[in-house]
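What follows is a set of notes on a single structure, which appears directly below.
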Amino acid sequence: MSIPAKLKYTATHEWAAKNAAGTITVGITDHAQEALGDIVFLELPEAGRQVKAGQECAVVESVKAASDIYAPIAGEIVEANTPAVDAPESVNKDAYGTWLFKIKPSNPSEYDGLLDAAAYEKVAAEH
Amino acid sequence: MAKRTPLYEAHVAAGAKIVDFAGWDMPINYGSQIEEHHKVRKDCGMFDVSHMRAVDVTGKDAQPFLRKLFANDVGKLTIPGKALYSCMLKEDGGVIDDLIAYYFAPERYRVVVNAGTADKDLAWMRQQAASFDVTIADRPELAMIAIQGPNAREHFWTAFPAGRARTVLLQPFQAVEWDGWLVARTGYTGEDGFEITLPAAQAMAVWNKLKDAGVAPIGLGARDTLRLEAGMNLYGLDMDESQNPLESGLGWTIDLKDPKRDFIGRQALAALQPARQFVGLVLLDRGVLRSHQKVFAPQGEGETTSGSFSPTSNKSIALARLPVGVELGDTVEVEIRDKRLQAKVVKPTFARNGKAMI
Numbered sequence: 423m424s425i426p427a428k429l430k431y432t433a434t435h436e437w438a439a440k441n442a443a444g445t446i447t448v449g450i451t452d453h454a455q456e457a458l459g460d461i462v463f464l465e466l467p468e469a470g471r472q473v474k475a476g477q478e479c480a481v482v483e484s485v486k487a488a489s490d491i492y493a494p495i496a497g498e499i500v501e502a503n504t505p506a507v508d509a510p511e512s513v514n515k516d517a518y519g520t521w522l523f524k525i526k527p528s529n530p531s532e533y534d535g536l537l538d539a540a541a542y543e544k545v546a547a548e549h
Numbered sequence: 024m025a026k027r028t029p030l031y032e033a034h035v036a037a038g039a040k041i042v043d044f045a046g047w048d049m050p051i052n053y054g055s056q057i058e059e060h061h062k063v064r065k066d067c068g069m070f071d072v073s074h075m076r077a078v079d080v081t082g083k084d085a086q087p088f089l090r091k092l093f094a095n096d097v098g099k100l101t102i103p104g105k106a107l108y109s110c111m112l113k114e115d116g117g118v119i120d121d122l123i124a125y126y127f128a129p130e131r132y133r134v135v136v137n138a139g140t141a142d143k144d145l146a147w148m149r150q151q152a153a154s155f156d157v158t159i160a161d162r163p164e165l166a167m168i169a170i171q172g173p174n175a176r177e178h179f180w181t182a183f184p185a186g187r188a189r190t191v192l193l194q195p196f197q198a199v200e201w202d203g204w205l206v207a208r209t210g211y212t213g214e215d216g217f218e219i220t221l222p223a224a225q226a227m228a229v230w231n232k233l234k235d236a237g238v239a240p241i242g243l244g245a246r247d248t249l250r251l252e253a254g255m256n257l258y259g260l261d262m263d264e265s266q267n268p269l270e271s272g273l274g275w276t277i278d279l280k281d282p283k284r285d286f287i288g289r290q291a292l293a294a295l296q297p298a299r300q301f302v303g304l305v306l307l308d309r310g311v312l313r314s315h316q317k318v319f320a321p322q323g324e325g326e327t328t329s330g331s332f333s334p335t336s337n338k339s340i341a342l343a344r345l346p347v348g349v350e351l352g353d354t355v356e357v358e359i360r361d362k363r364l365q366a367k368v369v370k371p372t373f374a375r376n377g378k379a380m381i
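This is the structure:
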């Protein structure tokens, strides 16, 4: 199971990365794709939507089950990875290379409060 | 603790993801469920189905007992080894279980029932047997391995050359016994193949021999998408005690030919005016159909009973119970997360013998 040290994480198995422009890129962790199995459908949020931290804003469905994806932090969705919708299996192949959406944070310091790799590793070991 | 089949260690060693299924620790997949699915449609694979329960029904009244107990008529089985698929019904027509019954002689049958319902089934069978001269013998010590796919029989014969002569002439739904094995040309995938029932002590050696012959293990995940594509019902989702077979796509298994055969549930079915029909759905919009999604048609509401992504057709498919009057080819709406998506009504056979049929 891969948990890159440079990323931040949530207890609900999203990863988050801070971009130079100040936006936050979000995807699901390698642990999450592994648990879901073969992913066959992505439902991504529309740009412009306001989300709260912890709010459902995307859905990843595998052959087995549907799983809600939560916004790690509050803000505005500025972009969704629409090409990934045509190749949902790319989340299985490269969970950290296949981002789902980008958020412009309402409060940039919220990012720093997310889990670091070590803390997420403990969460992933339990679930 | 969950029960384990004699092949549990082999699943773990092969890297299986183990889940609870009807109280059993079973492999859901060994990596990619979709790859396993394709392997069975295009070549072959093997499944541990030892959690299913074999029950031997023997004695002077075995035939009249099973003709009373099952909605399909075992009386039409006359060639030793021939089998049929049937429902076992309650008096009110609700489905207690679906099963396969093998005929060996008028005084000897083998019944194979679902794992999750086995204890309930046995209790019901014993209760109904009170006025019959029969012995009902539970055979939990038997293991079962299904080998399925267009090349399944060839791979079985490669692993067990001596079995070729004994099985090469088997027709679908026919079985043969030798040395404590029962090899049947049956399955739950819509593909050719065998289901082998054998003593648990031999299961590991047989599994490994098939593996050495190039047969890949397949988990319960792919078993579910394979059976769904083949339009085969799954007990507990597509029918249960609250549903009757006529509204579950199982009318073809109800044998009414002999007017004197008073099988359990017959009177209830005779009085029934089906208001719903059992059909297939193919999602036209993007998404994944699942069980218990609401379906809206001009004739009224219905419900999906099981659904998933179909790897063979690369579409989302489901079995559904819809109001009578909806026709094949109609477009209906399925509610998925508060959205209504369009789906086409089709005959519930989505793929068989390696090919998509939608």
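Keeping their order, the protein sequence lines are chains F and C. Just so you know, we're using my numbering here: the first sequence kicks off at 423 and counts up by one. Just so you know, we're using my numbering here: the second sequence kicks off at 24 and counts up by one. Backbone N, C-alpha and C define an ideal beta-carbon position, used for all residues, glycine too.
The C-alpha of residue 301 (chain C) lies about 6 Å from the C-alpha of residue 270 (chain C). The alpha-carbon of residue 79 (chain C) is positioned some 5 Å away from that of residue 133 (chain C).
Residue-level contact by beta carbon fails for residue 123 (chain C) and chain F, as no gap is shorter than 8 Å. Residue 268 (chain C) carries a helical assignment under DSSP once its states are collapsed to helix, strand and coil. The three-state reading of DSSP puts residue 262 (chain C) in strand, counting E and B together.
Collapsing the DSSP output to three states places residue 168 (chain C) in a strand. Looking at the backbone, the Cα of residue 216 (chain C) and that of residue 191 (chain C) are separated by about 11 Å.
Taking 8 Å as the cut-off between beta carbons, the residues of the stretch 449-478 of chain F near chain C are 459, 460, 462, 463 and 465, in sequence order. Under DSSP, the beta-bridge partners assigned to residue 50 (chain C) are C:41. Within 9 Å of the CB of residue 102 (chain C), no CB atom of chain F is found; the nearest one sits about 39 Å away. For residue 316 (chain C), there is no enclosing beta strand (DSSP E), as DSSP marks it with neither H nor E. Taken in chain order, the unbroken stretches of alpha helix (DSSP H) that lie wholly in the stretch 186-272 of chain C and span 4 residues or more are 186-190, 223-235 and 243-252. Within the stretch 123-152 of chain C, the runs of beta strand (DSSP E) at least 3 residues long that lie entirely inside it are, in chain order, 131-136.
The beta-carbon of residue 56 (chain C) is placed less than 8 Å from the nearest beta-carbon of chain F.
Inter-segment contact for the stretch 313-330 of chain C and the stretch 285-297 of chain C is absent: fewer than three beta-carbon pairs are separated by less than 8 Å.
Between residue 244 (chain C) and chain F, the shortest Cβ-Cβ separation is below 8 Å.
Here residue 35 (chain C) is exposed, its C-beta having fewer than 16 other C-beta atoms within 10 Å.
Residue 254 (chain C) has a beta carbon lying at 8 Å or more from every beta carbon in chain F. Nearest neighbour of residue 184 (chain C) by Cα position, chosen from C:232, C:157 and C:151, turns out to be C:232. The C-beta of residue 248 (chain C) comes closer than 8 Å to at least one C-beta of chain F. Residue 520 (chain F) and residue 502 (chain F) do not touch by the CB rule: their CB atoms are close to 12 Å apart, not below 8 Å.
Bounds of any beta strand (DSSP E) do not take in residue 458 (chain F); it lies within the alpha helix (DSSP H) bounded by 452-458. In terms of Cβ geometry, residue 130 (chain C) and residue 82 (chain C) form a close pair [threshold 8 Å]. Contact annotation: residue 135 (chain C) and residue 75 (chain C) have beta-carbon atoms nearer than 8 Å.
If you ignore the 5 residues before and after residue 118 (chain C), its C-beta comes within less than 8 Å of the C-beta of 110, 111, 112, 258, 262, 263, 264, 266, 267, 268, 271 and 273, all in its own chain and listed in chain order. Within its own chain, the residues whose Cβ lies closer than 8 Å to the Cβ of residue 164 (chain C), once the five positions on either side in sequence are excluded, are 222 and 223, listed in chain order.
Counting C-beta atoms within 10 angstroms of its own C-beta, residue 187 (chain C) has fewer than 16 neighbours from the protein chains shown and is therefore classed as exposed.
Using beta-carbon distances, residue 430 (chain F) does not count as an interface residue toward chain C, since no partner is under 8 Å. In the three-state scheme derived from DSSP, where H, G and I count as helix and E and B as strand, residue 304 (chain C) is classed as strand.
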